[in-house]
Amino acid sequence: MNPKYSIIFAYRNRDSERVRMSLKSLSNQSNQDFEVVFVDYGSNDAYADKIKSAVEEFDFASYHYVAHTGLLWNKSKALNYGIKNANSEFVVLADVDVLFAPNFITSLNALRDVNSFNLFKISYLDKSVELKDIDTEPLNQLKVSHVGDTFGIGLFPKVALEKVKGLDTFFHFYGSEDEDLNSRLEAAGYSQKRCTEQLLWHQWHTTYSSEKETLTVSPRLTNIKRINQRHFLWHKEEHATEPRNAQNWHKVFTKADLVTLNHPDETIILLNIEAHVVHILRVVLPSYSNQVVNVEFQQDEYYKSLKYKLKNTLNKETQRYISLKEVNDLVLKEIIFKYKDFNYKYEVADDLETISFTIDLNSKP
Numbered sequence: 000m001n002p003k004y005s006i007i008f009a010y011r012n013r014d015s016e017r018v019r020m021s022l023k024s025l026s027n028q029s030n031q032d033f034e035v036v037f038v039d040y041g042s043n044d045a046y047a048d049k050i051k052s053a054v055e056e057f058d059f060a061s062y063h064y065v066a067h068t069g070l071l072w073n074k075s076k077a078l079n080y081g082i083k084n085a086n087s088e089f090v091v092l093a094d095v096d097v098l099f100a101p102n103f104i105t106s107l108n109a110l111r112d113v114n115s116f117n118l119f120k121i122s123y124l125d126k127s128v129e130l131k132d133i134d135t136e137p138l139n140q141l142k143v144s145h146v147g148d149t150f151g152i153g154l155f156p157k158v159a160l161e162k163v164k165g166l167d168t169f170f171h172f173y174g175s176e177d178e179d180l181n182s183r184l185e186a187a188g189y190s191q192k193r194c195t196e197q198l199l200w201h202q203w204h205t206t207y208s209s210e211k212e213t214l215t216v217s218p219r220l221t222n223i224k225r226i227n228q229r230h231f232l233w234h235k236e237e238h239a240t241e242p243r244n245a246q247n248w249h250k251v252f253t254k255a256d257l258v259t260l261n262h263p264d265e266t267i268i269l270l271n272i273e274a275h276v277v278h279i280l281r282v283v284l285p286s287y288s289n290q291v292v293n294v295e296f297q298q299d300e301y302y303k304s305l306k307y308k309l310k311n312t313l314n315k316e317t318q319r320y321i322s323l324k325e326v327n328d329l330v331l332k333e334i335i336f337k338y339k340d341f342n343y344k345y346e347v348a349d350d351l352e353t354i355s356f357t358i359d360l361n362s363k364p
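Quick note on the working numbering: the sequence shown kicks off at 0 and runs consecutively.
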């Protein structure tokens, strides 16, 4: 017999202990008629091994490793895989930082409705609250900094999520994928409701927006939140119910697909000259068909020299150089706008001197 509810988590390279706390709060539910579909979207081996062990401590949870380390973080693709593989008629889209009140599952019985979806409010734990406090104290006695509404943590009829083709996989990194889903569900005729009961607590962590907009080994794209927001608002203006080209909305690549990218047919090495970077991305790369192509962007030693800086100050340069952060942003935009459904691998070297982009141009579903 299938469980009444499927709780879906999307995860990548996060602390396993906070996940264990979340799952432990579910193990304390007064009603155990649920399953957890835990989707690990491309964690590296060190994180994947730890989180797999943590998830498998709980009988109600199943661990699914999808995608691979070279793909950009895409919460929508992870959740869509979970939705497709859920065994229940009602789905809870959750978050690995969330702690659940002991009566959470029982409370869902009064909220489930095939014609609507329910979003939850959440209590944000204070920065001072530690894991040991969460492990030993009742949730309602922990220090809370504030209480707010959520847009992405809710109870949904699975059929509704399938009707609108899940979350839009355009959204990368963080921001707006949940609001977009809610807007499209409403456009499709489903009512949005809000649960006012205190059922969820959020474990504190640094926010994405607080991170510096400099080149980092973990890929980051400047202004991505605004790009995501613009896409959501466009859908809302168009009263969209489905994302564009969503026929493969629940498809994901696997770890095995990374092997293909490790053996490119062609390797191109470029310096960080703006014209060269733009031309390779917009003209040369699309000209390759049915091939695996690797492009290595390297920082020219001349770019860091005093001679270059002086000539640049005097506006005497014949070639315009751009920083590797700017190269990073150009490549990531190409991936998001053009190559998000291809099998690719994007890497920033540990010394931040090289960016590698490999793509299988024969891999689009």
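Note that beta-carbon positions come from the ideal geometry of N, C-alpha and C, so glycine has one too.
All values derive from a computational prediction rather than experimental measurement.
Which partner residues does P156 have in the DSSP bridge list? On the sequence shown, residue 156 is found 157 positions in, with the first residue counted as 1. Beta-bridge annotation (DSSP): P156 is paired with F89.
Among the residues of its own chain, which have a CB less than 6 Å from the CB of N27, if the five just before and after it don't count? By 1-based counting over the sequence shown, the position of residue 27 is 28. Cβ within range, chain order: P101.
I need the DSSP call for S21, collapsed to helix, strand or coil. Counted from its first residue, the sequence shown places residue 21 at position 22. S21 falls in the helix class under three-state DSSP.
Restricting to runs no shorter than 4 residues, where is the alpha helix (DSSP H) found entirely within the stretch 319-359? The stretch 319-359 is shown to contain whole alpha helix (DSSP H) runs of 4 or more residues at 323-333, in chain order.
Which class does S209 belong to by DSSP, given the choice of helix, strand or coil? Numbered from 1 along the sequence shown, position 210 holds the residue referred to as residue 209. Bear in mind that the predicted position of S209 carries a pLDDT of just 40, short of 50, making it unreliable; the figure below should be weighed with that in mind. In the three-state scheme derived from DSSP, where H, G and I count as helix and E and B as strand, S209 is classed as helix.
May I ask which residues mark the beginning and end of the alpha helix (DSSP H) holding Q228? For the purposes of this step, residue 228 is taken as residue 229 along the sequence shown, with counting starting at 1. Judged by DSSP secondary structure, Q228 falls within the alpha helix (DSSP H) whose first and last residues are I223 to E237.
Proximity of Y4 and L107 at Cβ, strictly below 7 Å: Translated into positions along the sequence shown, residue 4 becomes position 5. Translated into positions along the sequence shown, residue 107 becomes position 108. Going by C-beta atoms, Y4 is nearer than 7 Å to L107.
Mapping DSSP to helix, strand and coil, what is D148? By one-based count along the sequence shown, residue 148 stands at place 149. D148: strand per DSSP, three-state reduction.
If we ignore side chains and look at the alpha-carbon of each, how far apart do H63 and R11 end up? Position 64 of the sequence shown, counted from the first residue, corresponds to residue 63. Position 12 of the sequence shown, counted from the first residue, corresponds to residue 11. CA-to-CA, the gap between H63 and R11 works out to about 12 Å.
Using 8 Å as the Cβ pair cut-off and three pairs as the minimum, do the stretch 261-279 and the stretch 324-344 touch? As far as the Cβ criterion goes, the stretch 261-279 touches the stretch 324-344, which means the pair count is three or higher.
Taking the alpha-carbon positions, what's the L214 to L351 distance? Your numbering for residue 214 matches position 215 in the sequence shown. Your numbering for residue 351 matches position 352 in the sequence shown. Cα to Cα, L214 sits roughly 7 Å from L351.
Between N73, K162, E333 and N84, which lies nearest to N114 when the distance is taken from Cα to Cα? Residue mapping note: residue 114 aligns to position 115 of the sequence shown, counting from 1. Ranking N73, K162, E333 and N84 by CA distance to the CA of N114 puts K162 first.
Neighbourhood of A60 by C-beta, 7 Å cutoff - its chain only, sequence neighbours within 5 removed: Against the sequence shown, residue 60 aligns to sequence position 61. Excluding residues within five positions, the ones whose Cβ falls inside 7 Å are L22, V35, F37 and V54.
Throw me the rounded Cβ distance for the F8 and I104 pair, which I believe falls under 8 Å. Counting from 1 along the sequence shown, the entry for residue 8 is found at position 9. Counting from 1 along the sequence shown, the entry for residue 104 is found at position 105. With a Cβ gap of about 15 Å, F8 and I104 do not count as contacting.
Whole-angstrom distance between D179 and H238, CA atom to CA atom: In the sequence shown, residue 238 corresponds to position 239, counting from 1. In the sequence shown, residue 179 corresponds to position 180, counting from 1. Going from the Cα of H238 to the Cα of D179 covers about 11 Å.
On a Cα-Cα basis, can you pick out the residue from K120, A109, G69 and L70 that is closest to A93? The sequence position of residue 93 within the sequence shown is 94, counting from 1. Out of K120, A109, G69 and L70, the CA that lies nearest to the CA of A93 is found in K120.
For H145, count neighbouring C-beta atoms within 10 Å of its own C-beta (all shown protein chains included) and say buried if the count is 16 or more, exposed if not. Translated into positions along the sequence shown, residue 145 becomes position 146. With fewer than 16 other Cβ atoms from the protein chains shown falling within 10 Å of its own Cβ, H145 counts as exposed.
Could you tell me whether the Cβ atoms of P2 and S87 are closer together than 7 Å? By one-based count along the sequence shown, residue 2 stands at place 3. By one-based count along the sequence shown, residue 87 stands at place 88. A contact, by the Cβ cut-off of 7 Å.
Top-ranked residue by Cα proximity to I334, from I223, T353 and D256: Counting from one through the sequence shown, the residue named residue 334 turns up at place 335. Comparing Cα-Cα distances from I334 to each of I223, T353 and D256, the minimum goes to I223.
Identity of the residues DSSP links to Q297 by a beta bridge: Stepping through the sequence shown from its first residue, residue 297 is reached at position 298. According to DSSP, which records beta bridges pairwise, Q297 is partnered with L270 and T353.
Quick one: any contact between the stretch 330-345 and the stretch 229-237, if contact means 3 or more CB pairs under 8 Å? The stretch 330-345 makes no contact with the stretch 229-237; the number of CB pairs closer than 8 Å stays below 3.
Near K315, what residues of its chain come up, given a Cβ to Cβ distance below 7 Å and the 5 sequence neighbours on each side ignored? Position 316 of the sequence shown holds residue 315. The answer is none, since no qualifying residue turns up.
At the level of alpha carbons, what is the spacing between T385 and L71? Outside the shown range of the chain, which is 0 to 364, sits residue 385, and nothing can be said about it.
With C-beta atoms as the reference, is S292 less than 7 Å away from I354? Position 293 of the sequence shown, counted from the first residue, corresponds to residue 292. Position 355 of the sequence shown, counted from the first residue, corresponds to residue 354. Contrary to the premise, residue 292 reads as Val rather than Ser in this sequence. One thing to note: V292 has its Cβ no nearer than 7 Å to the Cβ of I354.
Taking the alpha carbon of Q140 as the reference point, which residue from F172, Q197 and L260 has its own alpha carbon closest? As a position in the sequence shown, residue 140 is number 141, starting the count at 1. Cα-wise, what sits closest to Q140 is Q197.
Presumed contact (8 Å Cβ cut-off) between N289 and N361, rounded CB distance: Residue mapping note: residue 289 aligns to position 290 of the sequence shown, counting from 1. Residue mapping note: residue 361 aligns to position 362 of the sequence shown, counting from 1. Confirmed, Cβ separation roughly 4 Å.
Rounded to the nearest angstrom, what separates L124 and D132 at their Cα positions? As a position in the sequence shown, residue 124 is number 125, starting the count at 1. As a position in the sequence shown, residue 132 is number 133, starting the count at 1. Spanning the two alpha carbons is a distance of roughly 11 Å.
How is the alpha helix (DSSP H) around S182 delimited, first residue to last? To locate residue 182, count along the sequence shown from 1; it is residue 183. Its alpha helix (DSSP H) spans residues E176 to A186.
Terminal residues of the continuous alpha helix (DSSP H) containing N84? What you label residue 84 is simply residue 85 of the sequence shown in a count that begins at 1. From DSSP, the alpha helix (DSSP H) with N84 extends over K74 to N84.
Could you please give me the residues that DSSP links to I6 through a beta bridge? As a first step, residue 6 is located in the sequence shown; it is residue number 7 there, counting from the start. Residue pairing of I6 in beta bridges, as defined by DSSP: V35 and V91.
Do V277 and F356 count as a contact pair if the criterion is CB distance below 7 Å? The count along the sequence shown starts at 1 and reaches residue 356 at position 357. The count along the sequence shown starts at 1 and reaches residue 277 at position 278. With respect to the 7 Å criterion, F356 and V277 are not classified as neighbours on the basis of their beta carbons.
When DSSP labels each residue in this structure, what does Y173 get in the three-state scheme? The residue labelled residue 173 in the question sits at position 174 within the sequence shown. Residue state, collapsed to three classes: coil.
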